[in-house]
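Okay, structure first, notes after.
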Amino acid sequence: MLEDVFRDQWGRVLATLVGVLGDIELAEDAAQEAFALAAERWPRDGVPANPTGWLITTARNRAIDRIRRERTLVAKTGQLERELRDGSEEAMDETATFPDERLELIFTCCHPALALDAQVGLTLRTLGGLSTEEIARAFLIPFETMSKRLTRAKHKIRDARIPFAVPPGHLLPERLDAALAVIYLIFNEGWGGGRVDLSADAIRLGRSLVELMPDEAEAHALLALMLLGHARSAARLLGGELVLLDDQDRSLWDQRLMDEGRQRLERALALHGSGAGGLYLIQAAIADLHLREPRNWEEIALLYQQLERITGSPVVTMNRAIAVAELEGPQAALAVLDRLELDGYRYYHSTRADFLRRLGRNDEARAAYARALELTQPGPEHRFLESRLADLS
Amino acid sequence: MKYVLLNYTKADPAGERQPREMHPAVAAVLERPDVSGWVRLQPAESATTLSLESRKVLLTDGPFVDSKEFLAGLILVEAENLDGALAVASELQELDVTAAIEVRPVLELELGGA
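These protein sequence lines map, in sequence, to chains A and B.
Numbering that gives the first Met the number 0 applies: residue 0 is where the first sequence begins, and numbers increase by one.
Numbering that gives the first Met the number 0 applies: residue 0 is where the second sequence begins, and numbers increase by one.
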């Protein structure tokens with residue numbers, strides 16, 4: 000219970016602290032102290048009326064104490080320095096309202112001057128409230144490596160002065176794309192690796208973004224896309240094993256999440272207006288079509304074609320090929336795949352293997368499954384491919 | 000004739016930052032009249048490199064590393080934050096006359112002893 004409150008509050012509290020202290024590391028340490036104190040006191044004394052205010056005020060007081068002890072740091076923390084000088088006591092009141100600066104923090108963490116893996120780790124740590132250890136485990140890398148990566152990113156933000164601000168209009172579209180990409184990458188790590196918790200974290204981040212930018216069509220669309228996928232997760236991973244969409248038990252689909260996803264999609268469409276769709280809007284529309292029966296493969300193929308025109312990505316063409324297989328047969332679909340250079344992409348080989356299998360070209364199908372297996376981490380997807388390969392021999 | 004002296008230093012394996020204090024003997028040299036200006040840079044880890052890929056400016060985390068190119072010049076920029084410096088660098092990089100531009104924050108400190 001308290002843990003849920005903490006996870007919900009972490010990003011909110013941390014963001015305000017970064018705004019006040021001007022340093023993520025300092026803010027993190029102070030927030031951690033405040034949360035530890037809350038864990039000790041709240042069960043005994045009861046949860047305060049304004050838990051967010053209590054956490055922020057407590058953390059800030061701790062940070063101020065520490066800075067007073069290490070006077071040399073003060074010069075770097077502009078706003079705080081002013082507050083210390085003015086000694087504004089009323090701002091220290093825990094009932095005061097604090098600005099929600101999560102959006103500023105998202106744009107700092109997803110700044111393109113940071114390496115993508117650092118953006119992902121930092122976003123999960125600061126806004127997702129995951130511990131460094133949890134992030135390291137989720138991405139299957141040693142704790143030390145993840146810890147160094149995060150520290151390095153935080154130092155770069157401080158030393159290079161990466162802004163803690165919502166980007167100005169001319170930079171916003173590009174920067175928002177970067178933030179959406181980070182959240183979607185987190186979702187896909189969870190999706191591909193069968194780690195439902197990571198997908199849930201991405202959805203939480205997506206919800207925050209929609210709350211903070213309620214007029215952005217693509218933010219709604221990304222949330223819709225994730226919800227429509229996540230709604231199927233219980234049916235998709237049954238007893239830890241991967242089940243393909245056509246074989247899924249639809250009664251296991253989460254109707255509430257599907258409804259919410261469709262509402263988000265509607266909202267995104269309304270905000271977007273006419274004209275070519277955005278990247279996530281088209282993908283969300285495709286995800287929605289996949290959940291309807293019978294599936295409208297013509298519509299799906301058309302949407303993939305739109306997506307192809309925007310992205311020029313061979314991965315999108317590969318996905319269109321799946322629709323082509325339904326409309327024109329696996330032979331035509333295979334011809335589409337053969338034009339693509341995606342040798343390092345596991346789904347390219349598994350898709351190709353499936354077409355070859357349906358054409359009865361079993362030897363080639365086996366080779367393609369073997370190649371896909373080489374590129375897949377152990378887990379449900381790996382076991383699924385193994386069973387497909389076994390069926391062919 | 001003006002000259003630029005480019006200082007290189009060994010990376011600290013512990014990832015320590017540069018000391019804020021300057022070596023007094025170095026400070027003495029920097030105060031001489033023939034030294035017209037100097038800057039100390041933040042560690043290479045704080046660098047961002049801009050390059051041009053299919054006519055679009057691409058940002059990469061970290062310093063520029065390639066032996067085929069040579070250092071051709073340096074430009075000092077006053078900006079409120081990294082985005083300000085990146086804006087100037089992008090503008091230059093779009094002209095497609097340099098292989099890459101590395102943006103590195105300057106370590107702001109007083110001259111030792113001053």
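Here a beta-carbon is modelled for each residue, glycine too, at the ideal position from N, C-alpha and C.
As the structure is a prediction and not an experimental result, all values here were calculated from the model.
1) Show which residues of chain A have a CB atom less than 7 Å away from the CB atom of Pro104 (chain B).
2) If the criterion is Cβ atoms closer than 8 Å, does the pair Leu264 (chain A) and Ala220 (chain A) meet it?
3) Taking Phe138 (chain A) as the reference, give the member of A:Glu24, A:Ala117, A:Thr51, A:Pro313 with the closest Cα.
4) The beta strand (DSSP E) that contains Ile100 (chain B), what's its start and end?
5) Helix, strand or coil for Ser50 (chain B) per DSSP?
6) According to DSSP, simplified to helix, strand and coil, what is Asp3 (chain A)?
7) With a CB to CB cut of under 8 Å and the five nearest residues on each side skipped, what residues in its chain are close to Met91 (chain A)?
8) Determine contact between the segment 241-249 of chain A and the segment 198-207 of chain A, defined as no fewer than three beta-carbon pairs at a distance below 8 Å.
9) Roughly how many angstroms separate the alpha carbons of Glu307 (chain A) and Ala29 (chain A), rounded to a whole number?
10) Could you give the distance in angstroms between the alpha-carbon of Glu2 (chain A) and the alpha-carbon of Val28 (chain B)?
11) Out of A:Leu222, A:Leu326, A:Arg356, state which residue places its alpha-carbon closest to the alpha-carbon of Leu184 (chain A).
12) Which residues share a DSSP beta bridge with Arg39 (chain B)?
13) Measure the alpha-carbon distance for Glu89 (chain A) versus Thr96 (chain A) and round it to whole angstroms.
14) DSSP three-state label for Leu4 (chain B), please.
15) Please report how far the alpha carbon of Glu380 (chain A) lies from the alpha carbon of Leu226 (chain A), in whole angstroms.
16) On the DSSP letters alone, give me the boundaries of the alpha helix (DSSP H) that Val25 (chain B) sits inside.
17) Which residues does DSSP pair with Thr59 (chain B) in a beta bridge?
18) Under 6 Å Cβ to Cβ from Ala113 (chain B), same chain only, skipping five residues before and after it: list those, please.
19) Would Ala177 (chain A) count as contacting chain B if we go by Cβ distances under 8 Å?
20) Can you tell which of A:Gly276, A:Arg291, A:Arg6 has its C-alpha closest to the C-alpha of Ala218 (chain A)?
21) Taking just the CA atoms, how far does Leu25 (chain A) sit from Asp64 (chain A)?
Looking at the coordinates:
1) To locate residue 104 (chain B), count along the second sequence from 1; it is residue 105. Near Pro104 (chain B) (Cβ distances below 7 Å), the residues of chain A are Asp158, Ala159, Arg160.
2) As a first step, residue 264 (chain A) is located in the first sequence; it is residue number 265 there, counting from the start. As a first step, residue 220 (chain A) is located in the first sequence; it is residue number 221 there, counting from the start. A contact, by the Cβ cut-off of 8 Å.
3) On the first sequence, position 139 is the one that residue 138 (chain A) refers to. If we check each option's Cα against that of Phe138 (chain A), A:Ala117 comes out closest.
4) Residue mapping note: residue 100 (chain B) aligns to position 101 of the second sequence, counting from 1. Counting along the chain, the beta strand (DSSP E) containing Ile100 (chain B) begins and ends at 100-102.
5) Here residue 50 (chain B) is taken as the residue at index 51 of the second sequence, counted from 1. If DSSP states are grouped into helix, strand and coil, Ser50 (chain B) belongs with the strands.
6) Within the first sequence, residue 3 (chain A) is the residue found at index 4, counting from 1. Correct three-state label for Asp3 (chain A): helix.
7) Position 92 of the first sequence holds residue 91 (chain A). Reliability fails at Met91 (chain A), whose pLDDT of 49 lies under 50, so the model's placement of it is uncertain and the value that follows must be treated cautiously. Answer for Met91 (chain A): Thr56, Arg59, Asn60, listed in chain order.
8) no
9) Within the first sequence, numbered from 1, the residue matching residue 307 (chain A) stands at position 308. Within the first sequence, numbered from 1, the residue matching residue 29 (chain A) stands at position 30. C-alpha separation (whole angstroms): 47 Å.
10) As a working mapping, residue 2 (chain A) is identified with position 3 in the first sequence. As a working mapping, residue 28 (chain B) is identified with position 29 in the second sequence. Computed Cα separation, rounded: 58 Å.
11) Locating residue 184 (chain A) in the first sequence gives position 185, where the first residue counts as 1. Measuring from the Cα of Leu184 (chain A), the nearest candidate turns out to be A:Leu222.
12) One-based indexing of the second sequence puts residue 39 (chain B) at position 40. Looking at the DSSP assignment, Arg39 (chain B) forms a beta bridge with B:Leu106.
13) What you label residue 89 (chain A) is simply residue 90 of the first sequence in a count that begins at 1. What you label residue 96 (chain A) is simply residue 97 of the first sequence in a count that begins at 1. Note that Glu89 (chain A) has pLDDT 41, beneath the 50 cutoff, so the model's placement of it is unreliable and no number is given.
14) Position 5 of the second sequence, counted from the first residue, corresponds to residue 4 (chain B). Reduced to three states, the DSSP call for Leu4 (chain B) is coil.
15) Start at 1 with the first residue of the first sequence, and residue 380 (chain A) comes out as number 381. Start at 1 with the first residue of the first sequence, and residue 226 (chain A) comes out as number 227. When rounded, the distance between both Cα atoms is 21 Å.
16) Looking up residue 25 (chain B) in the second sequence gives position 26. Looking at the DSSP string, the run of the alpha helix (DSSP H) that includes Val25 (chain B) is 23-29.
17) As a position in the second sequence, residue 59 (chain B) is number 60, starting the count at 1. Per DSSP, B:Thr48.
18) What you label residue 113 (chain B) is simply residue 114 of the second sequence in a count that begins at 1. At Ala113 (chain B), the pLDDT of 42 sits below 50, so the modelled position is not reliable and the matter cannot be decided from this model.
19) To locate residue 177 (chain A), count along the first sequence from 1; it is residue 178. For Ala177 (chain A), the answer is no, since every Cβ of chain B falls outside 8 Å of its Cβ.
20) In the first sequence, counting from the first residue as 1, residue 218 (chain A) sits at position 219. Closest by alpha carbon: A:Gly276.
21) Working through the first sequence from its first residue, we reach residue 64 (chain A) at position 65. Working through the first sequence from its first residue, we reach residue 25 (chain A) at position 26. Spanning the two alpha carbons is a distance of roughly 12 Å.
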